[in-house]
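Protein chains in written order, with our numbering: chain A, 26 to 391; chain B, 2 to 259; chain C, 2 to 561.
Just so you know, even glycine gets a beta-carbon here, dropped at the ideal spot from N, CA and C.
This report concerns only the one structure given below.
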Ligand code: HEA
Ligand code: HEA
Ligand code: CUA
Ligand SMILES: [Cu+2]
């Protein structure tokens, strides 16, 4: 794929979405209106300043009434403003209503990471969003803590992510993002940054940055840049994500197989268990320990596999593959005794990821 | 101030005439009241929004308030507003020195000003006493805002619910699910949040009004007021009418839903 | 009351030593003064101190942003610094700057009266301001306020409890502002000198009057909002917290219902000053006087209807966004009327480029840019892209610094001789102006570009691609800082060793220049009667427009 990438201007980043040209046209329209007004006003100002500078013997003249002039400059701009408003509003409506056949992606904002869930419950790596090119994509977004805002400059879209409600946003990317490996932002094309290592890859790649534009704080002691702790962001200014635009075929393949295992596991003794451990430390470690001791807030995983489980409703079952799979996809279906007060969120992993987790659990028993 | 004095003692040096002084004070007070109205309007807007979102919670919440106490307080405040107005009248009439006894207006003069102000003050006190009983009852049963809802005495470690269900039951608001569990509308806590904020702020205004009233009583006792000069009594009464007015809105909106 | 005296030209017979600064002495005579002039000066001191503090925070922000990653401080500290910068600049500095400091001093003088309607209330407002400041300082010292100046929930509801000190501080400051507004409105209505009817009212007064309306009607909504936020943090009332069934977007509506009108609380006084300065240094009546006066009032009223334009991305209905966008454009009309009329005032004037005028002309240029970029933000589809980027930061600094601060500084230069009785070094003032003007543009113009390129605001760390522009912006900020330091030095020098100022150094027809310098404790030795408007240069006698000392005028008259 070697198509030419869109280029930006001095003022605006490259146009990477179908609505970008319209937004930019609007931007440049108001820009030129402003330039004309500014030149007119500054011009008149400077000319009068020169012409009527104070000179000995020359007195000022007192203004008379100029109602016609006043009325003109009160109402003439109004016409311009009506045009501006109308155009801006039509553009906005277009941007606000997603086409019927849009592909949907769920977005969850949390301090300070983005999680993306695709069709079929496929969850990609944290802070990594891939979308197919030339396809309208609709993001359905929610927040689990404070306000965030989802912003992709190159797509000209932005929307607040609000706890307690869903907000949506859509765009249609017009270009595939090139596969360029990089070490720093300078090596990337305009408006791209050197993002994180894509899932399954080994080297950092250039991608389109996603920003969080609603202030969401920072813990103390943070000085480093994005993705500092094992793929996790640490504060509002680094609550960034990578947007990779891929072809439809690549996207379908991804949905089919789910995200690939992390490359460091390829050479591991037990690649599946290694991947499972990786998933555990990304998603489950907050609640589940694996040391065989801690049982709060959720059951310990050591010795869990193959064990007899007692449930809150009095029934019981053996923790086999099916049971574990069920517990991850639909945690509320069977609640382990003593854990009725904490709700485990459902995780929709691909089959390969589920296998990996089970392999990891088994390995804990050895 | 070293310069020559130019009018009666109550005329501040920067005014030319008592009329100017009086009109300025009155205008200032009206502006202040406009400010007060906008201050409370924020609360009324919040009330309106949440009531339209959660009508059942508000209806249930309203039944958990004691409308009788609210009604008593409404009457008490209305009466106090009346006595405040009478105090203004008494101050405006003044001492009527030299007026033949039969031509004198009734209930006028310093003594009556003072009496009416005292009645106003006592009514305000009575209002606060009733409010105290209402509040302490709510704190006792746990009809409290937000996360404290259901926990008596704002004590998060206290067991939630017990008193509270009784309270619901006596108000006839306790419904049961098919499984036998009691239904408590989630947004009752929002209702009580708004209830406490609105009545609390109003209560603070009543307390401030009581302070002002005492201050006016003292000035009156000192003989500061006359038929010519009674602006402070007048603007205090304006303030007091506003406090009354706010309550006139609060009472039906909180206690008398549906 | 003295009858039929034309505006009393500075009677040289009056004893100079009886100026308001010296007729009473000692700390007590200041702390318990009811004199609006002294209260105005106390405000001026506090407000300048706040400006210095906020400015230091700004320079810390700019220094941190010199390079990506850590330069000076960690992310959390940075968040506190920009929050304090915004909060101090807005609530402690810019809102009280012109109205409470310059307005307090000159409003009664320009009305030809002895004082504001409620002098005790005026002193009370000042102490309420001090109390609010103390709360704010406590929040800074004991705490950890990192919510941004907008205090958005639910972040602020969950943040450190020291935020309560801050919100209570701002709550208290709000009442200072409200009471000042009440005082000024009553004063303008009831205390005008004989002959000073509404059509002669100086435009400074019109501007302050319009500001006061907003202060009285908008500030209480901020007060109740912050009160509810405080309750949210203590009682958890659950009005704004989604976890308890509240609505975080409701907070934003409440906040901007105040804070948009508040931006007109900030700009109207700046415009008010500029009217006086442009008229004086063009020796001309402001063109379209009544239109300019009415545009202040309509700005004040329209300002109440557009708050939603801060929330285009927050999730309002399409219908609401449309209405707010349309109304936002309407606001441009009265602003435009002002700009056009100011330019037209220069026409056929006799323009002098003294330092106050330089700042006012700077205001004109920078406010135009700031205002026009406001229109970019008012356009729905464009705002989606620009919202919460540095474009917005640049927009509001152009209107707040290029606008209000330039207006304030212009007024400070303009009225300095009347307030202190001292002249300042004009050369130094001009040098400072060029530092400030150039530094300002370098700092904030670069921010427009990085903003439209997508640099989000409130970012401690940023992509390498923005580094050159950030560097330029920081460099500009240092130039700006040097400019203000030169200005500070110049004013201190003037206080220590400035030449004695004549009563009317700028040859102005404005009413405030009719009284002696330093100002008489009761403003005018004889209560004035206004027989002409404040810009009627053609009706002024030569003596009224004499820019030297009265004695010299007499000498010259004798010679002639
Ligand atoms: C002094 C303060 C001040 C002033 C005067 C203004 C004036 C205006 N502002 Fe600004 N604004 C702020 C302070 C101010 N603003 C602040 C602090 C913020 C950010 C807050 C935050 O989020 O922290 C902000 C944010 C802000 C936003 C939200 C941006 C966002 O967050 O996405 C918007 C959107 O519409 C906006 C618009 C405007 C408009 C249309 C004006 C108009 O009043 C401007 C009118 C003036 C002119 C237009 C120029 C002169 C007119 C002419 C020359 C006439 C001819 C021109 C035409 C008719 C085309 N402002
Ligand atoms: C009146 C308001 C005001 C003023 C004057 C300023 C002045 C300045 N501001 Fe700021 N600013 C805000 C209001 C203001 N600001 C607000 C509301 C925000 C948003 C905060 C938020 O997001 O929550 C903000 C945010 C903000 C940011 C964005 C931070 C971020 O989003 O991460 C930046 C970055 O560059 C910045 C920079 C500056 C600079 C360089 C100045 C310079 O102009 C400062 C220059 C001043 C000095 C250096 C002081 C010198 C003073 C003296 C020497 C004493 C004076 C005495 C006499 C003259 C007698 N400001
Ligand atoms: Cu999330 Cu900022
Ligand atoms: Cu606004």
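In this structure, residue 261 of chain C has its CB closer than 6 Å to one or more heavy atoms of ligand 4. Contacts between residue 457 of chain C and chain A, judged by CB atoms closer than 7 Å, involve 176, 236 and 238 in chain order. Residue 350 of chain A and residue 384 of chain A have their C-alpha atoms some 12 Å from each other.
Under DSSP, residue 266 of chain A forms a beta bridge with A:235. For residue 231 of chain C, same chain residues with a beta-carbon under 8 Å away, outside a window of 5 residues either side, are 165, 168, 169 and 172 in chain order. The alpha-carbon of residue 464 of chain C is positioned some 7 Å away from that of residue 218 of chain A. Identification of residues in the region 248-272 of chain C having a C-beta nearer than 9 Å to some C-beta of chain B yields 248, 251, 254, 255 and 258, given in sequence order.
Inside the region 16-63 of chain C, DSSP marks whole alpha helix (DSSP H) runs of 4 or more residues at positions 28-32, from first to last along the chain.
A residue is listed when its beta-carbon falls short of 5 Å from at least one non-hydrogen atom of ligand 3; in chain order these are A:173, A:237, A:241, A:261 and A:264.
When rounded, the separation of the alpha-carbon atoms in residue 232 of chain A and residue 214 of chain A is 9 Å. Within the region 31-67 of chain A, complete beta strand (DSSP E) segments of at least 3 residues are not found at all.
At least one CB atom of chain B sits nearer than 7 Å to the CB of residue 179 of chain C. The beta-carbon of residue 82 of chain A is placed no less than 7 Å from the nearest beta-carbon of chain C. Residues of chain C with a Cβ closer than 9 Å to the Cβ of residue 25 of chain B are, in chain order, 118, 119, 187, 188, 190, 191 and 192. Sequence-ordered contacts of the region 100-121 of chain B with chain C are nonexistent [C-beta pairs closer than 8 Å]. Assigned with DSSP and collapsed to three states, residue 142 of chain A falls in strand.
For residue 93 of chain B, no chain C residue has a C-beta closer than 9 Å to its own C-beta; the minimum C-beta separation is roughly 21 Å. A Cβ-Cβ distance of about 3 Å is found for the pair residue 309 of chain C and residue 325 of chain C, placing them in contact under the 8 Å criterion. Ligand 1 has a heavy atom closer than 6 Å to the beta-carbon of residue 369 of chain C. Per DSSP, residue 161 of chain A is one residue of the beta strand (DSSP E) stretching across 161-168. Listed along the chain, the chain B residues whose CB falls inside 7 Å of the CB of residue 224 of chain C are 40. For residue 237 of chain C, the C-beta contacts it makes with chain B under 8 Å involve 146, 147, 148, 149 and 194, in order along the chain. Within the region 39-93 of chain B, the runs of alpha helix (DSSP H) that reach at least 4 residues and sit entirely inside it are, in chain order, 56-64. With a 10 Å radius around the Cβ and a threshold of 16 neighbouring Cβ atoms, residue 198 of chain C comes out exposed. The contact set of residue 32 of chain B on chain C, defined by CB atoms closer than 8 Å, consists of 182, 183, 186, 187 and 217 in chain order.
Under the three-pair Cβ rule at 8 Å, the region 336-344 of chain A does not count as touching the region 307-316 of chain A.
For residue 164 of chain A, same chain residues with a beta-carbon under 6 Å away, outside a window of 5 residues either side, are 130, 132 and 194 in chain order. At least one CB atom of chain C sits nearer than 7 Å to the CB of residue 116 of chain A. Judged by DSSP secondary structure, residue 334 of chain A falls within the beta strand (DSSP E) whose first and last residues are 333-335. Two segments are said to touch when three or more pairs of C-beta atoms, one from each, lie closer than 8 Å; by this definition the region 269-287 of chain C touches the region 331-349 of chain C. Taking a Cβ-Cβ threshold of 7 Å, the residues of chain C close to residue 44 of chain B are 225, in chain order. Residue 206 of chain B has a beta carbon lying at 7 Å or more from every beta carbon in chain C. Ranked by Cα distance from residue 480 of chain C, the options C:331, C:489, C:490 and C:439 are led by C:439.
Here the distance from the Cβ of residue 336 of chain C to the nearest heavy atom of ligand 1 is below 6 Å. Our two residues, residue 368 of chain A and residue 357 of chain A, have alpha carbons roughly 8 Å apart in a direct line. For residue 465 of chain C, the CB stays at least 6 Å from every heavy atom of ligand 1.
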